Every structure is written in C-alpha cells, then in structure tokens.
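Since the structure comes first, as structure tokens, the remarks are kept for the end.
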Amino acid sequence: MTDQILFETKDHIATITLNRPEALNAFTEEMIGAWVEALQECRDNDDIHVVVLTGAGRAFCAGGDVKAMKTSPERTNPYLSKSRLWDNVQRIPKTLAELDKPIIAAVNGAATGAGMDMASMCDIRVCAESAKFAESYVRMGLVPGAGGCWFLPRLVGMPKALELLFTADFVEAKEALEIGLVNHVYPDDKLMEETYKLATKIARRAPISVRLIKRATYQGQKVDIVTHLDQISSHMTVARSSEDHMEAVNAFLEKRHPVFKGR
C-alpha cells in the first residue's frame, strides 16, 4: 500500500489516514486506489468493528489536485472524464455503500470539494474547532463528482444543501454543528482522543447488532414503514440466533459486562 494512505488497526478499530499533508491531502489516483483497498479490508475483516477516517497535517482533504487539472486529458474528452470518475474517485462511495460497519470522519482541518463529500459519506462526523467545510466545485466550474449532491441534502436538508452547493461558502465548525453536518466539535488537540473514545464505545457493542442496525437504518430511508418492518424482522431473527445475544442475556442475569465475539 502506498504511503499516501496510512492504515492501522488496534482494538477492533481501523484508522485510515490520508497522508499527503504537503498537498492538503488532495487526491491522486494512487491514493484513491489505496483508499479503496483499505475500505475493502475493513469490509472483509471481521476483526474490524469500527473505522476512523482522518487526514495528516493541517487539512482533512482538499479534494482533487488542482495542479493536475491543468494538463488532465479528461478536460477535452467527455467520455474519458465520465469513465475516470466512475473508475477512480467514485469507487470510494461505491465501496462505502458495501461497508456495514460504522465509519467516523475525524475532520482535523479543511474539508473542501470532494474532501467534504468524503466526510459527508461517513456515518458520523466529528471535527476540530479549526475545521471548515466547503462544497467548492462551483468555484472551479465543476459539479460534485463524488456524491455531494446526494449526501448533503440528507444531512442538512435541501434548502441549506443547495445554498452551500450554489455558493461554495465555507462552513466553520460551530455552524457545522448547528446545521447537523457534524455530531461533535472538539478542541484541536483533543479531536483524536475524543474520536477514539466514541469509536471504542461502539466497538465494544455487539458487532452483529451494530452492522445490522446500520443496514436497517440506511435501507429504511428508501422504503415505506411496512417494508422496513419486514426487513427488520429478518435482521432481528439473525440477531436473536447469535452467540452474542445469548452472551448479553447471560451477562445481564449474572450482573457482569458481556464479552462479545461477533458470532
């Protein structure tokens, strides 16, 4: 794996760090490929219960590399442009859609353009007091290619999403909390400590339950209540048959903390 992505696991928590601090963690094809590989490992490794995504240095992610746009062959070839989006940066949201484990974005600085999209597609966002967000595409004469028009209205509502998409205005951390873009704001020097507290709390819950709840919650946004109840009854059947459910029952009766094994 390239050093443009750092990947580590500890105590059932995987951390993916975007590692081009000199370029504010702007994307390269190499980075995206490694990013997708890391997400696939998180998807397939049952020992990983929670994923944390953050950036190295003073930015979370500045999105696309503007310098590379100057000479990109995609600029004059519409078919190539569409194909490269599908086969390149759009692989990230497509892979995330297959990940039924919680992913937390720890936004340590600026998240702009596709960088804001990447934060938006995570399940939970926490940020540093110095963090700021912008759907900056219109400043570059572009459109959100990584799903921003799909994710943002689901987080902040349609009117606010359109305002941010139309204006490319920056949203500071305080406002991000107020509009529901982030769950929590922390002092810069406490961001990762607090992020791992949250990740650890989730990682200690029954892994099968957490994964089924994530599936059910996202599925529920696309169906009516009757269909949702039918789906959730299937999830409940799986959960009730798990070893972890019986462990939780026994632990409750024995007045001790359960030890979940993800089975």
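Each residue of the sequence shown is one higher than the one before, counting from 1 in this note's numbering. In this text, a Cβ means the ideal position worked out from N, Cα and C, and glycines have one as well. Computed from a prediction, not measured in an experiment: that's the story for all the values here.
Unbroken alpha helix (DSSP H) stretches of 4 residues or longer found wholly inside the stretch 118-199: 148-156, 158-167, 173-178, given in chain order. Between Ala199 and Ile104, the C-beta spacing is below 7 Å. Here His257 is exposed. Its C-beta has fewer than 16 other C-beta atoms within 10 Å.
Taking the Cα positions, Glu193 is about 43 Å away from Leu80. Excluding residues up to 5 positions away in sequence, Thr17, Ala106, Asn108 lie with their Cβ nearer than 6 Å to the Cβ of Thr54 in the same chain. Between Ala161 and Leu152, the C-beta gap is smaller than 7 Å, which places the two residues in contact.
Judged by DSSP secondary structure, Val51 falls within the beta strand (DSSP E) whose first and last residues are 50-55.
A contact between stretches requires three or more CB pairs, one per stretch, nearer than 8 Å, and the stretch 229-245 fails this requirement with the stretch 164-175. Cβ contact annotation for Glu29 (same chain, cutoff 8 Å, sequence separation greater than five): Asn88, in chain order. The stretch 118-131 makes contact with the stretch 181-190; the number of CB pairs closer than 8 Å reaches 3 or more.
The straight-line gap separating the alpha-carbon atoms of Thr217 and Met140 is approximately 35 Å.
The beta carbon of Val138 sits closer than 8 Å to those of Leu165, Phe166, Thr167, Ala168, all from its chain and outside the five residues before and after it, given in chain order. Apart from the 5 residues on each side of it in sequence, Ala110 sits with its Cβ closer than 6 Å to the Cβ of Ala59, Lys132 in its chain, given in chain order. In summary, Lys101 is buried, with 16 or more beta-carbon neighbours lying within 10 Å of its beta-carbon over all protein chains present. Rounded to the nearest angstrom, the gap between the Cα atoms of Ser136 and Val143 is 9 Å. Across the structure, Ser234 and Val223 are spaced so that their CA atoms are roughly 15 Å apart. For Cys42 against Leu99, the beta-carbon gap comes to about 6 Å, under 8 Å, which counts as contact. Check the Cα spacing between Leu24 and each of Gly115, Asn45, Ala97: the tightest is with Gly115. Excluding sequence positions up to five before and after Leu155, its CB lies within less than 7 Å of the CB of Ser120, Gly180, Leu181, all in the same chain and listed in chain order.
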